[in-house]
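Student: The sequence shown: position 121 = 136 (this note's numbering), numbered continuously.
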Amino acid sequence: GLAWAMLGFAEQLEFLATLEDEELSPFGGKSSLEAMMRKAAEATSNFYIENTPTDGIPYWDTGAPNLYRLGNFLDRKSDPFNTWEPVDSSAAVIASQGLLRLGRYLKSRGMDETGHRLWQAGLTVVDALLSPPYLSTDSAHQGLLLHAIYHRPNGWDYVPQGSKIPNGEACMWGDYHAREVALYLQRLLNNEIYYTFFSGVDND
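1) DSSP beta-bridge partners for Leu-160?
2) Under 6 Å Cβ to Cβ from Ala-18, same chain only, skipping five residues before and after it: list those, please.
3) Could you please give me the residues that DSSP links to Tyr-74 through a beta bridge?
4) Taking buried to mean at least 16 other C-beta atoms within 10 Å of its own C-beta, is Tyr-209 buried or exposed?
5) Would you call the CB atoms of Gln-112 and Glu-195 closer than 8 Å?
6) Looking at C-alpha atoms only, which residue of Val-140, Ile-164, Lys-54, Pro-68 is the closest neighbour of Gly-23?
7) Pick out whichever of Phe-213, Leu-115, Phe-212, Leu-159 has its Cα sitting closest to the Cα of Leu-203.
8) Within the continuous alpha helix (DSSP H) that includes Tyr-173, where are the two ends?
9) With distance defined between alpha-carbon atoms, name the residue in Val-174, Gly-183, His-166 nearest to Gln-157.
10) Within 10 angstroms of its Cβ, does Asp-94 collect 16 or more other Cβ (buried), or is it exposed?
11) For the structure I just gave you, are there three or more beta carbon pairs, one from the stretch 20 to 40 and one from the stretch 116 to 131, closer than 8 Å?
12) Take Phe-42 and list the residues in its own chain whose beta-carbon comes closer than 8 Å to its own, dropping the five residues that flank it on each side.
13) By Cβ distance, which residues of its chain are closer than 8 Å to Leu-161, with the 5 residues on each side in sequence left out?
14) Would you mind giving the Cβ-Cβ distance between Asp-190 and Ala-143, rounded to the nearest angstrom? I have them listed as a contact below 8 Å.
15) Since Pro-80 and Ile-180 are thought to touch, with beta carbons under 8 Å apart, how far apart are those beta carbons, to the nearest angstrom?
16) The alpha helix (DSSP H) spanning Lys-54 covers which residue range?
17) Buried or exposed: which applies to Ser-40, given that a residue is buried once 16 or more other Cβ atoms fall within 10 Å of its Cβ?
18) Given that a residue counts as buried once 16 or more other Cβ atoms are within 10 Å of its Cβ, and exposed if not, what is Pro-73?
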């Protein structure tokens, strides 16, 4: 849920920026809504950064019962092949786009230091995800982004033979957002039309 909130608030901030204040006056006004969403976006993004290993790939839950067995896991890169708790690449890739979008939004509002920090954090996550062991290089595997988690408490995730925790599998929302964040960055790098969920909306 944290990653969805990060991305959702960042995208809503981008959308609000395209609207006139009078359109939002029945809902408390544009500045009030932007302040609320910016506070939520920054709070969730900062929590993510502070509770995630150095490569930006989180374990499946910040309160996972066996995380303590991993020692100082926040001070090193994530390990999808550990014996105690699985990582969740699908959460990471959703969060990466939230960090990138919020970072760019804040920089456009003159908050350069905070915006740059979040933008760089987003790039760190993407860099880790688009490389092994997270990016699948096996042509026989049907997924793109490995080590995703569907529902750990219900035991719905594949545990490979010889492993004690789920790893090695992809999920459709992880693969979707991997493609989306790649497209998002590609358009920025090529100075093309900025990619948003509301790109096709006519505001006239």
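A virtual CB, placed ideally from N, CA and C, is assigned to each residue, including glycine.
Tutor: By the coordinates alone:
1) DSSP lists Leu-150 as the beta-bridge partner residues of Leu-160.
2) Within the same chain, Ala-18 has close Cβ partners Ala-106, Ile-109, Ala-110.
3) As computed with DSSP, Tyr-74 is found in a beta bridge with Val-102.
4) By the Cβ-count criterion, Tyr-209 is exposed, with fewer than 16 other Cβ atoms from all chains shown falling within 10 Å of its own Cβ.
5) A contact, by the Cβ cut-off of 8 Å.
6) The option with the nearest alpha carbon to Gly-23 is Lys-54.
7) In this structure, Leu-115 is the residue among Phe-213, Leu-115, Phe-212, Leu-159 with its C-alpha nearest to the C-alpha of Leu-203.
8) Taken as a continuous stretch (DSSP letters only), Tyr-173 belongs to no alpha helix (DSSP H), as it is neither H nor E.
9) Closest in C-alpha terms to Gln-157, from the list Val-174, Gly-183, His-166, comes Gly-183.
10) Asp-94 counts as buried, since no fewer than 16 other beta carbons sit within 10 angstroms of its beta carbon.
11) These segments touch.
12) Closer than 8 Å at Cβ, skipping near neighbours: Leu-48.
13) These residues qualify, in order along the chain: Pro-95, Ser-104, Pro-148, Tyr-149, Leu-150, Ser-151, Asn-182, Gly-183, Glu-184, Ala-185.
14) Between Ala-143 and Asp-190 the Cβ distance is about 16 Å, and since that is not below 8 Å, they are no contact.
15) With a Cβ gap of about 12 Å, Pro-80 and Ile-180 do not count as contacting.
16) In the DSSP assignment, Lys-54 falls within the unbroken alpha helix (DSSP H) covering 45 to 65.
17) Exposed, by the Cβ-count rule.
18) Pro-73 should be labelled buried.
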